[in-house]
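One structure is given below, encoded as structure tokens.
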Amino acid sequence: MTDQTTTVKNVNIDKDTPTYKKLDDLYALIDGIELCMFTTRRSDGSLVSRAMQTRSRVPGAAIYFITNNKSDKMDDITFDSHVNCAYVRGNTEEWVSVAGTARIVEDRDMIKQLWTPDCKKWFGDLGDSVHDGSASDPRVCLVLVEPDTVHYSLRKNNPIVEWFKIVKEKITGETAHPQTERVLDSDELRTAKGRI
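The working numbering puts the sequence shown at residues 14 to 209.
Rendered as structure tokens:
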């Protein structure tokens, strides 16, 4: 690694923020972004991403999604449970990357707890009184993603301050650092499971 690469990495990675604060900021980011790109690996080795709506976030940054157990992603998760959930807040360019393992959850009580009427549009009513697109439809299941690591970035200042810093850094030849990047490793995430 070159000195310049090491310097940029040291500037961008926040090593001083305590775990509880990193978690609070992470939860605020995830809770404020409706959709993520959920990436799985197919049996041919290719990666596939699709937009999914986070239904619940639990301590330790585990995430629940509602999905159709007849979808291709079920085969992908069975083949390789390693997944990535990528969130981005376009107006601030803040982002979250959750790398972890996924498992299928068929808990009907949990499904009913996380279900909202807008979920029905993803299932539809097949007209057989069983596959009715409700929370009790047997096609409805949950995917739980349990993170191994989480990387995310936060905007350091408001956009106007950042714009002035970028202009200043362009004039002085310095590299702009409008965001700070944080990492939660597996030890921090294990510790976090008891926190909300």
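Note that beta-carbon positions come from the ideal geometry of N, C-alpha and C, so glycine has one too.
Here the structure is a predicted model, which is why all the values come from computation and not from measurement.
Proximity winner among the options, relative to residue i (alpha-carbon distances)
{"i": "K83", "options": "N97, W135, G186 and S166", "result": "W135"}
{"i": "G58", "options": "L36, L39, D89 and K34", "result": "D89"}
{"i": "E106", "options": "Y165, T204 and S199", "result": "Y165"}
{"i": "V196", "options": "T52, K183, R116 and A74", "result": "A74"}
{"i": "R102", "options": "E182, M50, V156 and T32", "result": "M50"}
{"i": "V109", "options": "D141, I184, K35 and T53", "result": "K35"}
{"i": "D200", "options": "I184, G186 and V163", "result": "V163"}
{"i": "K86", "options": "S62, T129, R68 and Y100", "result": "S62"}
{"i": "N81", "options": "L155, E182 and G186", "result": "L155"}
Proximal residues to residue i (C-beta, below 7 Å), its chain only, five neighbours per side dropped
{"i": "K125", "result": "A148"}
{"i": "R70", "result": "Y40, I43, D44 and I76"}
{"i": "K206", "result": "P72 and G73"}
{"i": "T30", "result": "R195"}
Under the three-state DSSP convention, the category residue i falls into
{"i": "A64", "result": "strand"}
{"i": "I46", "result": "coil"}
{"i": "N97", "result": "strand"}
{"i": "T114", "result": "strand"}
{"i": "P160", "result": "strand"}
{"i": "E194", "result": "strand"}
{"i": "A205", "result": "helix"}
{"i": "E106", "result": "coil"}
{"i": "A41", "result": "helix"}
Same chain, Cβ closer than 6 Å to residue i, neighbours up to 5 away in sequence not counted
{"i": "L48", "result": "A64 and Q66"}
{"i": "V153", "result": "I124"}
{"i": "L92", "result": "A quick correction: the sequence has Phe, not Leu, at residue 92. For F92, where only same-chain residues beyond five positions count, the Cβ hits under 6 Å are S56."}
Contact set for residue i: own chain, Cβ-Cβ below 8 Å, skip 5 residues either direction
{"i": "D150", "result": "F136, V143 and H144"}
{"i": "D138", "result": "H144, D145 and G146"}
{"i": "T114", "result": "S94, H95, V96, V158, E159 and D161"}
{"i": "K133", "result": "G146 and S147"}
Assigned exposure category for residue i - 16 Cβ within 10 Å defines buried
{"i": "N97", "result": "buried"}
{"i": "T53", "result": "buried"}
Check: residue i C-beta below 7 Å from any heavy atom of the ligand FAD
{"i": "M123", "result": "Ligands are entirely absent from the displayed structure, and the ligand FAD is therefore not among its contents."}
I'd like to know if the segment 116-125 and the segment 38-47 are in contact, where contact means that at least 3 CB-CB pairs between them fall below 8 Å. no
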